[in-house]
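Here the sequence shown stands for residues 2 to 101, numbered as in this note's numbering. Single-structure report; data block below.
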Amino acid sequence: MAFESLSQRLQETFKRLRGKGKINESDLKAAMREVKLALLEADVNFKVVKDFVNSVSEKALGQKVLESLTPGQQVIKIVNEELINLMGGEASKVQFSSKP
C-alpha cells in the first residue's frame, strides 16, 4: 500500500514537470518538496531523503538539458539515476533454482 501511494505521488509530481517546456528553480523546489514528502510518508529515513533531495537538486540545477530531453524529462532522469544509486547502484538479477 505504501509503495503504491509513493508511486502515485511521484507519478503526479513528474507529470506536472513533464508538462512544462522550461523548468525554473522554483518549479524544481516545488517538485523536490513533493518528492521529499512522498518519501517521508513512505517511511524512508529522513537523512536518506534529505541527502537524496539535495543530490537531485544539485545535479538538476547545475546540468545542461540534453538536446533529446525536455527539462522535465531531464529531472526525471536525474531522479531515476539517484534512486538507482540509493538502492545499490547496479541492477541485480534474481536467480531461481529449478527445485524448491
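Here a beta-carbon is modelled for each residue, glycine too, at the ideal position from N, C-alpha and C.
**Report entry** Residue interval of the alpha helix (DSSP H) (run including Met33)
**Finding:** Glu26 to Glu42
Query raised in the report: What are the boundary residues of the alpha helix (DSSP H) that includes Gly89?
Result: Here Gly89 belongs to no alpha helix (DSSP H), and DSSP marks it neither H nor E.
Query raised in the report: So, using beta-carbon positions, are Val36 and Val54 closer together than 9 Å?
Result: yes
**Report entry** Exposure label - Phe47; buried when at least 16 CB within 10 Å
**Finding:** exposed
Requested in this report: Have a look at Pro72 and Asn81 and give me their C-alpha separation to the nearest angstrom.
Outcome: 14 Å
Requested in this report: Please list, in chain order, all residues of the same chain as Ile24 whose beta carbon is under 7 Å from its beta carbon, the five residues on each side excluded.
Outcome: Leu18, Pro72, Gly73 and Val76
Query raised in the report: When DSSP labels each residue in this structure, what does Lys23 get in the three-state scheme?
Result: coil
Query raised in the report: In its own chain, which residues sit with a C-beta less than 6 Å from the C-beta of Val57, not counting the 5 before and 5 after it?
Result: Ile79, Val80 and Glu83
Query raised in the report: Rounded to a whole number of angstroms, what is the C-alpha to C-alpha distance between Gly89 and Val49?
Result: 13 Å
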